[in-house]
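Protein chains in written order, with my numbering: chain A, 1 to 617; chain B, 618 to 696.
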């Protein structure tokens, strides 16, 4: 008997309308955990490099983590993984909320989805059962409308993830939105388009099964004991959510300003900060399943200049993207753009990056107003921001090109446009500057899904959040190069276990380290696990995803940063004049990883990690 | 000669200061540590990532001197 997880996934073939149960061997669960860890193993075994991400047979996995649905703090995450339509390589994207726990309470750990349904469909998953139902009447609805309609039609207590019009139109930066208006987003990598390519509009889950736990009482006691210290450490996050940090991020020179060309913007940061705006618009707290931090906040804006908002507050990344990076100090506009992105089903980071890219292209003469349908996109112009967003979401004119991401847009628009790109491997940079925290340079360059901050969160150390379990007590010098390859290596290995376990990475803000997580894993599953094994699984999974990418041609040539982060220092502010020396850090990093000079994992290291099978085509 | 020192409260720290100022000038009496001074202003030491004096880090037991400019940076625990 398994504890903490079921050991089964549904294998759903939409083309044949066939469903079968796929057994997960317990040794695989121990070696890869669940979620995107087990997902990477299954997807690498199935990988056919000739099969594009949006082709019907391209497989997609939607799963809870190994601990999702248990009482372990923050064990709520759902992951979507597969070959990314935006980047063409490994992709994974997670969402919080209740969907993952509800999926696991139906008696399975996840879904493997392949094939394309003949007509639009949705999946209804209940205890021990999957129904493929017609969704023709939902096609064209936005994600909030779809959520409402499906709960009306199935069960008000069900949980829904859905795509909006952007996913239906196969826009490569389309997202998947969980739980409608609560808008828990699996934003990155374009999996909304993956679902759209399969004619899969939504998934509805409603389960009643209890996940068996090996030592339930001891787990509850341990969790209860940890909650006060998690809440104490994360008090700002509890009060304001992620936007509480906007001004502090600006003070550290970490905030993107005008497509990353600016250095400081203190008054703007103050205007768009959650600390300024949440007290004005707050309408309620929102906590994901099993989360003691409760960073979610709902807002209500009525009679605003750009329309009403009744939704989740924009998160830090969205505020940075639609605010500072577009030189827009109007919070109401950010909130409206956020709600529209969530309704359309499009990633707020990639969409706002594409708008900033277009603005700079226009400023530098690469694009002319007539190329933009008469819009003159100047930084800070609210009308231009909303018009470009509308064009991207609807695939209209220049919007069709921008919706492919800044890498592809630059390829189409010509050589100078490459200067304004902000992606790594096709994924737009998350809004934390590798010039402010140089540990992020090597992380962004090597992260498996592209320019992802979450694959290491190493800037947390630079911000003063310690990780004593791994020997990090004091913040490292944020601008020096020394020691940063090791920080990226360590933190990537640690972060690599979160999605496979279904945990939220904000546990690190709650000062939870790998030894505590290993303890909870042991109590839930009955396995004897310590910090060493936990981090070794993390290293294994990081390498496994690298092998997936290597099969698709990724190597050192791809492990770089957009030009401006290597050549253009910030002009003022705390990170003024800093540039990371990526080449040097990368060589140190490859050595730590046991990769060769071209960034390919060596056979010796793969054998040590139990991944020799990944060398076989 | 200036007998005061200045504290630059970066990020959101101005919000905790009783007068909501981002720059505070105080007399350098040599009798209080930074931790005590910041505490008097309403700023908890746990909210501070680091304090810089002329670009170099000082800890919260530092006693400010006349003419010193101190930059106080907050911990970032969002986003």
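Positions of the beta carbon are idealized from the N, C-alpha and C atoms, including for glycine. In this text, all values refer to a predicted model and were calculated from it rather than measured experimentally.
DSSP lists 624/B and 670/B as the beta-bridge partner residues of residue 687/B. Residue 248/A has a beta carbon lying within less than 7 Å of a beta carbon in chain B.
Two segments are said to touch when three or more pairs of C-beta atoms, one from each, lie closer than 8 Å; by this definition the stretch 297-310 of chain A does not touch the stretch 70-79 of chain A. Within its own chain, the residues whose Cβ lies closer than 7 Å to the Cβ of residue 130/A, once the five positions on either side in sequence are excluded, are 10, 12, 19 and 123, listed in chain order. Residue 1/A counts as exposed, since fewer than 16 other C-beta atoms from the protein chains shown sit within 10 angstroms of its C-beta. Between the stretch 276-290 of chain A and the stretch 591-604 of chain A there are fewer than three inter-stretch CB-CB distances shorter than 8 Å, so the stretches are not counted as touching.
In its chain, beyond the 5 residues on either side, 294 and 296 have a beta carbon closer than 7 Å to the beta carbon of residue 287/A.
Per DSSP, the continuous alpha helix (DSSP H) segment holding residue 390/A begins and ends at 382-394. Cα atoms of residue 614/A and residue 650/B: separation of roughly 58 Å, rounded to the nearest angstrom. A direct Cα-to-Cα measurement between residue 265/A and residue 257/A gives close to 7 Å. Take residue 126/A, set aside five residues on each side of it, and the residues of its chain with a beta-carbon closer than 7 Å to its own are 106, 206 and 207, in chain order.
Selection 550/A, 578/A, 571/A and 227/A evaluated against residue 88/A yields 550/A as nearest (Cα-Cα).
DSSP places residue 511/A outside both helix and strand once states are collapsed to three, so it counts as coil. Contact check for residue 563/A and residue 435/A: beta-carbon distance about 13 Å, past the 8 Å limit, so the pair fails to qualify. Taking a contact to require three or more Cβ pairs closer than 8 Å, the stretch 351-364 of chain A and the stretch 376-392 of chain A qualify as touching.
Around the beta carbon of residue 646/B, fewer than 16 other beta carbons lie within 10 angstroms, which makes this residue exposed.
Across the structure, residue 186/A and residue 441/A are spaced so that their CA atoms are roughly 24 Å apart. In this structure, DSSP gives residue 555/A a state outside helix and strand, which the three-state scheme calls coil. Between the stretch 163-179 of chain A and the stretch 191-202 of chain A, the count of C-beta pairs closer than 8 Å reaches three or more; the two stretches touch. Under a criterion of Cβ atoms nearer than 8 Å, the residues of chain B adjacent to residue 273/A are, in order, 629. In the structure shown, the three-state DSSP call for residue 179/A is coil.
For residue 472/A, no Cβ of chain B is located within less than 7 Å of the residue's own Cβ.
A straight-line Cα-Cα distance of about 49 Å links residue 438/A and residue 17/A. If you look at residue 217/A, you'll find it in the alpha helix (DSSP H) that goes 216-233. The beta-carbon of residue 691/B is placed less than 7 Å from the nearest beta-carbon of chain A. Here residue 428/A carries a strand assignment [DSSP, helix/strand/coil].
Pairing residue 687/B with residue 643/B gives a Cβ-Cβ distance that is not under 7 Å. Per DSSP, the beta-bridge partners of residue 23/A are 8/A. For the pair residue 202/A and residue 146/A, the CB atoms are nearer than the 7 Å cut-off.
662/B is the residue among 641/B, 633/B and 662/B whose C-alpha sits nearest the C-alpha of residue 678/B.
Only those residues of the stretch 630-651 of chain B whose C-beta falls short of 9 Å from the nearest C-beta of chain A are listed: 630, 631, 632 and 639.
Spatial neighbours of residue 375/A in its own chain (CB-CB distance under 6 Å, excluding positions within 5 residues in sequence) are listed in chain order as 384 and 387.
Secondary structure note for residue 131/A: its beta strand (DSSP E) is the uninterrupted segment 129-134. Look at residue 251/A: its C-beta is under 7 Å from a C-beta on chain B. Here DSSP, grouped into helix, strand and coil, assigns residue 560/A to coil. Residue 347/A holds the alpha-carbon nearest to the alpha-carbon of residue 392/A among 108/A, 426/A, 42/A and 347/A.
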